[in-house]
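Here is the structure we will look at, set down as structure tokens.
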Amino acid sequence: MLEILERSAIAAGRAIMEIYNAGPAVTYKADTSPVTDADHRAERIILDELAAAFPDIPVIAEEAVAAGHVPNIAGKRFFLVDPLDGTKEFVERNDHFTVNIALIENGIPVAGVVHAPALRVIHAASRGMARKAPVEGGQIGSWQPIGCRPCGGRPVALISRWHNSAETLAHLAENGINDYEAVGSSLKFCLLAEGKADIYPRFSRTMEWDTAAGDAILRAAGGETIVIEGSPLAYGKRNQPNDSDFANPWFVARGRM
């Protein structure tokens, strides 16, 4: 399965880069977030690949959900897809955008692929093993295992480039964390999984398709993503009393603390 997810992400990334180089057509959703022709084209590629390979596994995909297409996932494993995470980065021609595909079982992200086409790198994980490889000409190079580093006396944090909040900065200050870097998209999870940073507090809105693939990679690399109450971030959240379907609460992702 993971090889098919990787192949789908690479194909979507190739289409994204064609539009990136030609110049995307940008529109805006009701919540004022941007969406481009690259989002839609990449999602169609991924959905077609997943439907052909896994016709019995439902898919929750960002743009399909926005259009009102939400399959029944009750009691089932399912895929979460963000065809272009970091659309603002994409529009601003910053390279920190990704293709995210994750498999969810019993609320847990058990497999995931994060492909950053402009950076020519792919991260993937399943069965407790996380790995990274370069991508050249649409071909995946040699895989290398990755893992979280033990946190030292001076932890390095990652924060959102576009969706930072006062609460996030307050959390860093309260925990004596002075070193932090702003990074876009799900790459923050991958950097934690590679041992290049230690903690990613997110005290602003995210959706499950934003986080699932990166979270799967982080967990396989020895890290964790927990909500404020201390429990692991769960997936497949429907009928939430205080938020929309598939919306995440605030969370902290971290390596080996």
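Taking full-length UniProt numbering, the leading residue of the sequence shown gets 1, the next gets one more, and so forth.
Even for Gly, the Cβ is constructed at its ideal location relative to N, Cα and C.
Reduced DSSP secondary structure (H/G/I, E/B, other) of residue i
| i | result |
| --- | --- |
| ILE228 | coil |
| HIS115 | strand |
| GLU92 | coil |
| ASN21 | helix |
| VAL252 | strand |
| GLU136 | strand |
| ALA197 | coil |
| ALA66 | helix |
| PHE78 | strand |
| LEU233 | coil |
| THR168 | helix |
| ILE104 | strand |
| HIS40 | helix |
| ILE159 | strand |
| ASP245 | coil |
| THR32 | coil |
| ASP215 | helix |
| ALA221 | coil |
| ARG7 | helix |
| ARG120 | coil |
| ILE57 | coil |
| ARG14 | helix |
Contacting residues, own chain, Cβ-Cβ under 6 angstroms from residue i (five flanking each side not counted)
| i | result |
| --- | --- |
| THR206 | ASN248 |
| ASN100 | ASP82, ASP85, VAL114, SER186 and ALA213 |
| ASP198 | CYS151, PRO155, VAL156 and GLY255 |
| ALA182 | ILE159 and ARG161 |
| LYS188 | LEU158 and TYR200 |
| GLN144 | LYS132 |
Residue i versus residue j - alpha carbon distance
| i | j | result |
| --- | --- | --- |
| LEU2 | ILE146 | 16 angstroms |
| GLU92 | TYR28 | 15 angstroms |
| ARG7 | GLN139 | 9 angstroms |
| PRO117 | ALA11 | 10 angstroms |
| ARG131 | VAL110 | 14 angstroms |
| PHE78 | ILE104 | 5 angstroms |
| GLY128 | ASP215 | 12 angstroms |
| LEU233 | HIS69 | 24 angstroms |
| residue 258 | SER231 | Outside the displayed range of the chain (1 to 257) lies residue 258, so it cannot be described from this structure. |
| ALA166 | ASP56 | 43 angstroms |
| GLY75 | GLY153 | 43 angstroms |
| GLU18 | SER142 | 24 angstroms |
| ALA22 | ASN175 | 44 angstroms |
| GLU136 | HIS123 | 14 angstroms |
| GLY195 | VAL121 | 16 angstroms |
| ARG238 | GLY13 | 29 angstroms |
| ASN164 | ALA173 | 14 angstroms |
CB contact flag (residue i, residue j, <7 angstroms)
| i | j | result |
| --- | --- | --- |
| PHE251 | THR225 | yes |
| ILE159 | THR168 | yes |
| ALA193 | ILE217 | yes |
| GLU43 | GLU63 | yes |
| GLU208 | TYR180 | no |
| LEU119 | ALA102 | no |
| ARG254 | GLY223 | yes |
| ILE16 | ALA38 | yes |
| CYS148 | ARG219 | no |
| GLY112 | ALA125 | yes |
8 angstroms CB neighbourhood of residue i in its chain, flanking five on each side removed
| i | result |
| --- | --- |
| GLU89 | ASP95, HIS96, PHE97, ARG161, TRP162, GLY184 and SER185 |
| GLN240 | ALA247 |
Close Cβ partners of residue i (< 7 angstroms) along its chain, the five nearest in sequence each way excluded
| i | result |
| --- | --- |
| ALA53 | ILE4 |
| HIS171 | PRO201 and PHE203 |
| PRO34 | VAL26, TYR28, THR87, LYS88 and VAL91 |
| CYS190 | VAL114, HIS123, GLY214 and ILE217 |
Beta-carbon separation (whole angstroms), residue i vs residue j, contact threshold 8 angstroms
| i | j | result |
| --- | --- | --- |
| ILE46 | PRO58 | Incorrect: roughly 14 angstroms between the Cβ atoms, too far for contact. |
| THR36 | ALA25 | 6 angstroms |
Any non-hydrogen atom of the ligand SAH within 6 angstroms of residue i CB
| i | result |
| --- | --- |
| PRO109 | This structure simply doesn't include the ligand SAH, nor any ligand for that matter. |
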